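Protein chains in written order, with this note's numbering: chain Z, 1299 to 1544; chain G, 10 to 228.
We put the beta carbon where it would ideally sit given N, CA and C, even for glycine.
No experiment lies behind these values; they were computed from the predicted model shown.
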């Protein structure tokens, strides 16, 4: 087990009807590795990470998470989700629950942890994302950046081994992107295995071990950020980077 | 014929007694209809075949007169050895009939919930049961508080149907009084006023529920 990669894709294909979103994806992510996935919209990058916690089912090929293959069985998917946390573009906080309620729901209901202990865990992670004073507010009372940090804390409460970020800053106003990225950087420095779909190239340069560039369902290129940004090998990567800079 | 206020007041205690039955039947039927309707809607969402089956079932429930359902349960079931007390038949029938309408209301309320909510619940490893109870149901209720209240008032106003199977509800008892004294205006007026009051109480309760559910949206 210890030698297994955290996430491994082997020749993974996926179709939406007749449209192929993922084409022969091979990708191996080591433990503690930080991967940034980028590419134009519709390139399949969100689909790729959503396959890792079973929000999307892949078609052909195999996906292994911590050495266990994802199959259609609900029990394996349920077990898988215990180890994989996810942060969404639009936060997806539960609007009818307070911040602390968002963080403790899965702890108390799924993990059967007592209310007091769950609250302590939640407060610990809310402090980690520097927002403990908002614990008793509702999501609608917070700024976008604060909401996204709550979403990160909510995922961390379950002590995941792998964190998935699906464009976590794309829905944020520019002045709030920093506070979310700061939290993600500190998470990366603690050795969390992270797969992050983002166009924040500064973030990629700071923390990524590898940048994966996707286009039209293919992994076009993967390289350490310094190589990828300085001299991308593929024309499509160059084209993408030019557009991003303009 | 003049409206006799003194006589109207005399009928109040008798009609109020029947109002107890009306309230009991209405409250039980509101709960019954809501629970059944929610069950239909959850079943409808539990698979492709079930969605067709439940759509048909819900249409059948809504497309037959409630009076026909009441007569059927009360007079036809005993042929098959199923004999239920009138009060129970009444509650069952109103619950059943309105469950069809409430299922439709619940459907709209669930459709309004952003699909990201279900995804977040999945990503957190919440079971389907927990997701329904703690994520979907509360947000659905918030979305549909107003139409739900309307149907609760409708259920209250449908209780006089049960007079046909001799459930001692309010309108029936008012008519009984009228039949004895040949004075219709006073007992009917009294029962109408009580109905009005009860409907008002229901809409106030629903408004209060809505305010509480909306608390999370205040900034």
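DSSP links residue 1343/Z through a beta bridge to no other residue. Scanning chain Z for C-beta atoms nearer than 7 Å to the C-beta of residue 125/G yields 1386, 1388 and 1390, reported in chain order. In the three-state DSSP reduction, residue 1357/Z falls in the coil class, being neither helix nor strand. At a C-beta separation below 9 Å, residue 148/G has these neighbours in chain Z: 1392, 1393 and 1394.
Burial of residue 1433/Z is indicated by the presence of at least 16 other C-beta atoms within 10 angstroms of its C-beta. Boundaries of the beta strand (DSSP E) around residue 1332/Z: 1332–1336. With a threshold of 7 Å between beta carbons, residue 1447/Z makes no contact with chain G.
Contiguous beta strand (DSSP E) elements confined to the segment 1362–1447 of chain Z occur at 1382–1385, taking only those with 3 or more residues. Not a single CB atom of chain Z sits nearer than 7 Å to the CB of residue 104/G.
Between the beta-carbon of residue 1352/Z and that of residue 1310/Z there is about 13 Å, and that puts the pair past the 8 Å contact cut.
Residue 132/G is a Cβ neighbour of residue 1384/Z, given a cutoff of 7 Å.
Interface residue (Cβ-Cβ distance to chain G less than 7 Å): residue 1436/Z is classified as such.
Using a Cβ-Cβ cut-off of 7 Å, residue 225/G is close to 1393, 1394, 1436 and 1438 of chain Z, given in chain order.
Setting aside the 5 residues that flank it on each side, residue 1453/Z is surrounded in the same chain by 1383, 1384, 1385 and 1461, each with a C-beta closer than 8 Å to its C-beta; the list follows chain order. Distance from the CA atom of residue 1468/Z to the CA atom of residue 1356/Z, rounded to whole angstroms, is 25 Å. Scanning the segment 111–139 of chain G for uninterrupted alpha helix (DSSP H) segments of 4 residues or longer gives 124–132, listed from N- to C-terminal end.
Judged by pairs of C-beta atoms under 8 Å, the segment 15–22 of chain G does not touch the segment 137–154 of chain G, as fewer than three such pairs exist. Here the alpha carbon of residue 1502/Z sits roughly 55 Å from the alpha carbon of residue 160/G.
Taking C-beta separations shorter than 6 Å and ignoring five residues to either side along the sequence, residue 1376/Z has no partners in its chain. About 4 Å separates the beta carbon of residue 171/G from that of residue 99/G, a gap short enough to meet the 8 Å contact definition. Where residue 91/G is concerned, there is no enclosing beta strand (DSSP E), because DSSP gives it neither an H nor an E. Residue 1376/Z reaches chain G at 134, counting residues in chain order whose Cβ is nearer than 7 Å. Cβ proximity to chain G below 7 Å picks out nothing from the segment 1306–1323 of chain Z. At least one beta carbon of chain G lies nearer than 7 Å to the beta carbon of residue 1379/Z. Beta-bridge partners of residue 1313/Z (DSSP): 1318/Z.
Within the same chain, and ignoring the five residues on either side of residue 1464/Z in sequence, the residues whose Cβ sits closer than 8 Å to its Cβ are 1344, 1347, 1348, 1384, 1385, 1386, 1387 and 1495. Chain Z places a beta carbon closer than 7 Å to that of residue 129/G, counting this residue as a contact. When Cβ-Cβ separations below 7 Å define contact, residue 1364/Z makes no contact with chain G. Here the segment 1388–1404 of chain Z makes contact with the segment 1445–1452 of chain Z; the two share three or more CB pairs at distances below 8 Å. Pairing residue 175/G with residue 112/G gives a Cβ-Cβ distance that is not under 7 Å. With contacts defined as CB atoms closer than 7 Å, residue 1320/Z and residue 1342/Z qualify as a contacting pair. Its chain contains 1400 as the residues whose beta carbon lies nearer than 6 Å to that of residue 1392/Z, once the 5 sequence neighbours on both sides are disregarded; these appear in chain order. Among the bridge pairs identified by DSSP, residue 1307/Z is matched with 1325/Z and 1361/Z. The Cβ neighbour count for residue 1523/Z, taken over all protein chains shown within 10 Å, is at least 16; the residue is labelled buried. Following the DSSP letters along the chain, one finds residue 1521/Z inside the beta strand (DSSP E) bounded by residues 1516–1521. Annotation for residue 1308/Z: 1324, 1359 and 1360 place their beta carbon closer than 7 Å to its own, counting only its chain and skipping 5 residues before and after.
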